[in-house]
Structure formats: C-alpha cells, structure tokens
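Taking it in order: structure first as structure tokens, then the write-up.
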Amino acid sequence: MVKAFLVGVAGDSGSGKSTFAAGVRRLFGKSEVTTISLDDYHLLDREERKRAGIVALDPRANDLRKLAEHAEMLKDGRTIMKPRYNHSTGKIDPPVPFKPKRVVILEGLLPFHTRRLRELMDFSIYIDPDPEVKRLWKIKRDVQERGHSKEAVLKSIAEREPHYRRFITPQRRHAEIVVEIKKELAEERYQRGTLYWIRLIQRITGEKLTDIHLPLNLSRMCRSEGEELYFEYRKGLRGKQPVSKIEINGMIPREMITEVEERIANLAGRPGAKVLPRSERMVTEIGIAKLVIAWRVVERVSSHAAP
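Numbering (my numbering), first residue to last: 79 to 385.
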C-alpha cells in the first residue's frame, strides 16, 4: 500500500500552477507521481453555476468536504472514486477509480481554503502572477486548449476578479512557497531570459536541508556573448513569519545546474532523473524556480520517509 505525500498547489485559473509543478512531476516520473485537478470537485456544472449566479471560485460551487475525505484516504494509501469535471462540455462526468502514488499533486483554486485541507497537505505552494501575466496566460490556455473565444475569456476574467480577491488570494498566507510572477517592463534590448521576473518567497521552517549549490561561471560574465542574470537573495517577514526571498531574471547555461539536478535526483531516489526537459540548453528564471520547488518538495518527501 502506497501512502501518498500530498503537494497542494493553489492559484487562480490559468495562473501557471501546472507549469511550476512540472519539475516535481518530471523528477519523480509517471510511476511515482500523479496529479488531481481540483476542478473535478465542482459541485455544479457550468450551466448550473450560471443559473445559480455562482462562479467556480466560490467555495459553495465546490465539494471541499469530499475533497478533504479523499485527501485523507490518499494519505492512507486507499483508492478513491474521483469525480471528473469535463472542461469541453462543462458537465460532470461519472467518477473513476484513482489509486495513490508516492506523490499526489493537488492543483486547483481552493486547496488551502479550510483548516482541514491545510492540515492534510504535506507541502503547499501558491502561484501569484501579476494580473497582466495571468490574463495573457489564461487567454493562451483557454483559447488554444479549451476552445473558448478571446472575448469570452476576457469577460470571464472580469467577472471572476472580485471572487478571486475574496476566496483565492487569502490562501497565499498559508503556503510554504509563494511564487510571484511579474512581467518584464524594460525595453526589449534590456530584457533577460523570458518576459518575466520570478520571486520565490519561502517560509523559514528551521528544518535541516541538504546542501545544494548553484554555481556561477564568472568567466562568462567577462565575455560579450555572456548571458545576463539577475539574482537577489534577502530575508524578510510575511506577517510575523520569517521568510527568504529569491528574485530571478535571466538565464544560465544548462551545464551550470547539472550537479544540482543530480543531487536532487539522488535525494529523491531517482538517479539520472531530470527536473527540466533534457532538450533545454539554457535555463530561464522559470526553470530555476522549478528547480527550487522540486528540491524543497524532495527534501520534505525524504524527511517524511525517514524512520
């Protein structure tokens, strides 16, 4: 019987939850990690929500009690009958058996909304893009992957915003890692890496962590063709909770993180596994963030597995 380690990833629709959890999935592989979209726990289908005047972000539109029951069952290694929400039809499909694996990622709108859900999570991440970034990402996903029109997506974003601030944003304070994503505002000739600045805010817990080093090649910084990288680390407070803050913009060559990936893979018991796609020769700020998230999850998984 496999008792699951639960990783909660909270954020608005189209905020990049799957993107930043991708490193964890790639590291553990299909045999050891699986994902549940919390959209599957919608109580009402699309038409029922319209008639009731309730958006999907509203806790009343979601069966959070059943979600907590299922999360507890997964942690105990028990198979659940997982509900299914069909984004193509907007309907709720019949449930299917869902067997836990070593790591179960719970991605969705409200994984930390109740105290019971927060207690069940073994690790918690909140994805917090700026409104402009979120708008661009949601349009791209919903138009290209879900077949919605751009006009319908923009209307939905406007309608959802008050509910986002009311129901989704408060979960930020419960997360162990907050990923802030800001759009690069500099002129194109000054832009580094992707179009985004990433800030990782990590709760300082006092737990013992493996030494992991991110090497920097100083010689590259003296060449005209050298890649640009902005990296800032500082400590601070989130309310009364001490946190560390890492801000990144730019890119580094893949070979500079080879040792980091190897150490994380060994720590996960998966020698040779990769956090990032093997084809990526340059690592952007998003890739670095995936690396840090995967490392922190592996540290916690390892500590839970220790006798």
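Ideal placement from N, C-alpha and C gives every residue a C-beta, glycine not left out. It should be emphasised that the depicted structure is a prediction, and the values quoted were computed from it without experimental measurement.
What ranges does the beta strand (DSSP E) occupy inside the segment 129-183, keeping only unbroken runs of at least 3 residues that lie completely in it? 158-163, 170-176
Just tell me which of Phe190, Glu305, Leu135 has its CA closest to the CA of Glu239. Leu135
Within 8 Å, strictly: CB atoms of Ile330 and Val361: yes
Around the Cβ of Tyr308, are there at least 16 other Cβ atoms within 10 angstroms (buried) or fewer (exposed)? exposed
Pro349 versus Ala343: straight-line alpha-carbon distance, rounded: 5 Å
Express the C-alpha separation of Arg143 and Arg196 in angstroms, rounding to a whole number. 13 Å
Which complete beta strand (DSSP E) runs does the segment 186-240 hold, if anything under 3 residues is left out? 201-207
Return the first residue and the last residue of the beta strand (DSSP E) that Asn406 is part of. Here the chain covers residues 79 to 385 and nothing more, so residue 406 does not appear.
Would you list the one or two residues that DSSP bridges to Tyr308? Asn327
According to DSSP, is Ile290 helix, strand or coil? coil
Quick check on Met79: does DSSP put it in helix, strand or coil? coil
What is the DSSP secondary structure of Ser115, counted as helix, strand or coil? strand
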